[in-house]
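What follows is a single structure, written as structure tokens, with notes after it.
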Amino acid sequence: MSDAGADPQDLADREGSWEVVSSRPLYEGEWVVNLREDVVRRPGHTETHSRTVMEHPGAVVVLAVDDATPGEERVCCLRQYRHAGPGWFVELPAGLRDAAGEDPVDVAVRELREEVELEATDWRPLLTLRPSVGISDEVQEVFLARGLSHVSRGDFELHAEEAEMEVFWAPVEDLLEAALDGRLGTSPVVAALLAYDALRRRGRL
0 MSDAGADPQD LADREGSWEV VSSRPLYEGE WVVNLREDVV RRPGHTETHS
50 RTVMEHPGAV VVLAVDDATP GEERVCCLRQ YRHAGPGWFV ELPAGLRDAA
100 GEDPVDVAVR ELREEVELEA TDWRPLLTLR PSVGISDEVQ EVFLARGLSH
150 VSRGDFELHA EEAEMEVFWA PVEDLLEAAL DGRLGTSPVV AALLAYDALR
200 RRGRL
């Protein structure tokens, strides 16, 4: 292992795959995820290794920030029950990319409207997250939305967990403290807040 510093131009994830010798489905469900088993081979070796992959369509997440004075901004949040948690978690408006080829920002616009009845005039990519690359191919595209105003969700009906979620506004500073204190733990929320704060401090917002 070298202790030399990494080339700043090389600080990026690299796409690619080991040779896949075989692949078979383990579970195909009607809700969100499938499971498959891949048998892979290391480059330059003959032995193989079995790896289970959770196939996920991907998701978008929206950090919707109001137009308050800098330092006093608030974020539109949800508190939603998650059975796998289990528990009620502070989250951001989000949704699945469940239509092939749909632009992620179009999904974000739709989810912001359907979940919290907001629209935005200013959209920008904030982060791309891969929350569990050891087991899942899920990609989360996180957007910053500003220039917010109320809009009706139309005839869209919330159901199951969404029908029970609480919508509220919280100051950015309070959310940051809660994340740093460990009171908030869902990765999109924490990552989005830290990225927003870092960009704000660098004058890049």
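In terms of numbering that gives the first Met the number 0, the sequence shown is residues 0 to 204.
Note that beta-carbon positions come from the ideal geometry of N, C-alpha and C, so glycine has one too.
Treat the numbers as computed from the prediction; the structure is a model and nothing was measured.
**Report entry** Exposure of P24, with buried meaning 16 or more beta-carbon neighbours within 10 Å
**Finding:** P24 is exposed by the Cβ-count criterion.
Query - Simplified DSSP assignment, three categories, for D121 - result: If DSSP states are grouped into helix, strand and coil, D121 belongs with the strands.
Report task. Please state if the CB of L111 and the CB of A83 are separated by a distance shorter than 8 Å. Result -> It is not a contact, given that the beta carbons lie outside the stated cut-off.
Query raised in the report: Between which two residues does the beta strand (DSSP E) containing D37 stretch?
Result: Note, D37: beta strand (DSSP E), N33 to R40.
Requested in this report: Find out if the Cβ-Cβ distance for the pair Q139, P187 is shorter than 8 Å.
Outcome: Cβ distance < 8 Å, so Q139 and P187 count as in contact.
Report task. Spatial neighbours of V32 within its chain, please: CB distance less than 6 Å, with the 5 preceding and 5 following residues excluded, ordered by chain position. Result -> Hits under 6 Å: M53 and H55.
Query raised in the report: If we count the other Cβ atoms within 10 Å of its Cβ and call it buried at 16 or more, is A67 buried or exposed?
Result: Burial call: exposed.
**Report entry** Beta-carbon spacing of E116, R152 below 8 Å
**Finding:** Result yes, Cβ atoms of E116 and R152 sit closer than 8 Å.
Query raised in the report: Between A191 and the rest of its own chain, which residues show a CB-CB distance below 7 Å, the 5 nearest in sequence each way excluded?
Result: Excluding five sequence positions before and after A191, the CB atoms of its chain that fall closer than 7 Å to its own CB belong to V60, L62, L91, L125, L126 and V141, given in chain order.
Query - Assigned secondary structure, P24 (DSSP; H/G/I helix, E/B strand, else coil) - result: Note: P24 maps to strand in three-state DSSP.
Query raised in the report: Roughly how far, in whole angstroms, is the beta-carbon of V74 from the beta-carbon of V171, given that I think they are within contact range, below 8 Å?
Result: Confirmed, about 6 Å.
Query raised in the report: Going by Cα to Cα distance, which pick from D12, P69, E14 and G57 is closest to G202?
Result: Among D12, P69, E14 and G57, the Cα nearest to that of G202 is on P69.
Query raised in the report: Counting along the chain, where does the beta strand (DSSP E) carrying A58 start and finish?
Result: Where A58 is concerned, the enclosing beta strand (DSSP E) stretches over A58 to A63.
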